[in-house]
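For reference, each letter of the sequence shown is one residue, going 242 to 552 in our numbering. All C-beta atoms in this analysis are idealised placements derived from N, C-alpha and C, irrespective of residue type, glycine included.
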Amino acid sequence: MKLELPSGFRKPDNDDAGPQIEQACDWIESEVLFLSSQVTRTEVGDSLEESGILNGAESRDFAEELWRRLRERIHQSGGNSPFTVKDQTISSKVNTFKDASSYAFCLLVSYAHHHKTWATKCKFKYNLQGANFEDLVCPAMGKLFPGWTVYPTGWAKGRTTGGRKIIQNIADLLCGNIGDLKRWTNRQVKEAQLDALCYRSFPDQRGNLPAFFIQCASGANLEKKLREPDMELWNKLVCLVPASLPRRAVVTPNVLPRRKFDHFANKSSGLLIDRLRIASAGPENDWLEKTTQKRLSSWLTAYVKKLPFAA
């Protein structure tokens with residue numbers, strides 16, 4: 242393996258190795274996609290043993306677990322993963338990471354979360370990362386929910402003025418009334434928390450619409466974002482009659498191990514979308530605009546050139 246093992250990788254937990262499995266799978270996928278390499282299970286086992294974290298038998302057993310999980314990831318993405326696993330080799334189905342810019346973007350962000358030493362060294366720009374992620378999430382949600390409308394608030398790009406206007410727009414879209422903004426609106430409300438609204442309208446315009454208030458959580462502090470936006474606050478900002486408070490939806494570029502997925506979904510009291518669910522929207526050419534693909538590819542190229550190689 243050429244790519245450096247993430248600094249956050251630790252010896253797999255005997256009770257729940259899920260977090261270490263997902264980190265290692267991201268490491269393998271990054272090598273394949275960004276370095277245009279084919280990787281074998283034996284190479285992975287050897288690299289893990291050479292790291293000193295696992296001994297020979299442990300590294301071989303863990304590599305078998307990783308291969309099972311890599312195959313499972315392809316299935317969970319609805320077959321839209323840029324990877325293929327044949328026997329003991331994983332390879333890319335695309336010529337370059339630019340041909341899978343949405344998946345590549347999420348993967349690189351995840352690798353940075355695992356490898357904080359590298360992210361700090363290369364001065365990872367988290368603010369631009371967040372704006373790019375929202376540009377990816379909105380069309381993906383539109384594809385995942387056919388017939389629904391996605392309304393991005395625009396706050397993530399620094400346009401924090403006009404927050405009251407956005408609240409009014411959301412009330413109008415959901416066929417509701419604006420609440421007592423003098424009492425409840427402050428600077429915090431006008432900034433972030435709500436990144437986009439995804440809703441299903443009806444011709445009758447009577448309200449009571451199915452909807453999600455979306456939080457695009459691309460940073461490493463995902464658990465802190467699980468309760469955003471504050472739905473109780475939004476229930477005061479927008480009055481819906483009949484009452485039909487939308488559910489929260491949190492979208493992350495990471496792939497979550499099963500236990501953590503269940504825990505986080507329960508904590509958010511809403512819908513949780515990870516990288517594999519984004520990928521299940523289908524081939525990105527069907528839902529992601531060319532201009533966004535180019536912007537993501539440009540952002541990616543600068544960091545791919547700085548990826549750390551193993552000693």
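Quiz item: By how many angstroms is the C-alpha of V378 removed from the C-alpha of A397?
Solution: For A397, the predicted structure reports a pLDDT of 47, less than 50, and the residue's modelled location is therefore unreliable. The matter cannot be settled from this model.
Quiz prompt | S300, buried or exposed, once every other Cβ within 10 Å from all chains shown has been counted against 16 | solution = buried
Self-check item: L289 versus V350, Q279, R312, Q264, residue with shortest Cα-Cα distance
Solution: Q264
Quiz prompt | Best match in A461, N449, V492, A484 for proximity to P470 [C-alpha to C-alpha] | solution = V492
Self-check item: Neighbourhood of K357 by C-beta distance below 7 Å, restricted to the same chain and skipping five residues each side
Solution: S248, G249
Quiz item: Going by other Cβ atoms of all chains shown within 10 Å of its Cβ, with 16 needed for buried, is T401 buried or exposed?
Solution: Confidence is the limiting factor: at T401 the pLDDT is only 49, short of 50, which leaves the residue's position unreliable and the question unanswerable from this model.
Practice problem: Determine the direct distance from the alpha carbon of P393 to that of S442, and round the result to whole angstroms. | Solution: 16 Å
Quiz item: For the putative contact between F453 and A412, defined by C-beta atoms under 8 Å, what is the C-beta separation to the nearest angstrom?
Solution: F453 to A412, Cβ: 16 Å. No contact.
Practice problem: Counting only the same chain and skipping the five closest in sequence on each side, list residues whose C-beta sits under 8 Å from that of L349. | Solution: The residues are S271, F275, L541, Y544, V545.
Exercise. Counting only the same chain and skipping the five closest in sequence on each side, list residues whose C-beta sits under 6 Å from that of S538.
Key: K339, S342
Quiz item: Skipping 5 residues on each side, what residues in its chain have a beta carbon closer than 7 Å to that of R635?
Solution: The structure shown does not extend to residue 635, since the chain spans only 242 to 552, so no value can be given for it.
Practice problem: Starting from the C-beta of F502, find all residues in its chain whose C-beta is less than 8 Å away, skip the five residues before and the five after it, and write them out in chain order. | Solution: L513, D515
Exercise. Pull up the CB-CB distance for L422 and I408, whole angstroms please, since I reckon it's below 8 Å.
Key: 7 Å
Quiz item: So who's on the other strand from R489, going by DSSP bridges?
Solution: F454
Self-check item: Residue nearest to K508 in terms of C-alpha spacing, selected from T283, G460, R468, W425
Solution: For K508, the closest of T283, G460, R468, W425 by C-alpha to C-alpha distance is R468.
Quiz item: How close, in whole Å, do the beta carbons of L311 and F550 come, if the pair is a contact with beta carbons under 8 Å?
Solution: Not quite, the Cβ-Cβ distance comes to about 22 Å (not below 8 Å), so this is no contact.
Quiz item: According to the neighbour-count rule (16 or more other Cβ atoms, all chains shown, within 10 Å of its Cβ), is K466 buried or exposed?
Solution: Classified as buried, K466 has 16 or more neighbouring CB atoms from the shown chains inside 10 Å of its CB.
Quiz item: Is Y440 closer than 7 Å to A390 when the C-beta atoms are compared?
Solution: Just to set this straight, residue 390 is Thr in the shown sequence, not Ala. In contact: T390 and Y440 (Cβ atoms closer than 7 Å).
Quiz prompt | CB of M242 within 7 Å of CB of E305, strictly | solution = no
Quiz prompt | Local conformation of K366 per DSSP, three classes | solution = coil
Quiz item: To the nearest angstrom, how far is it from the Cα of T533 to the Cα of V326?
Solution: 29 Å
Exercise. Compute the beta-carbon to beta-carbon distance between G420 and C480, rounded to the nearest angstrom, for a pair I have assumed lies under 8 Å.
Key: 5 Å between Cβ atoms; contact.
Quiz item: Should R314 be labelled buried (16 or more other beta-carbon atoms within 10 Å of its own) or exposed?
Solution: buried
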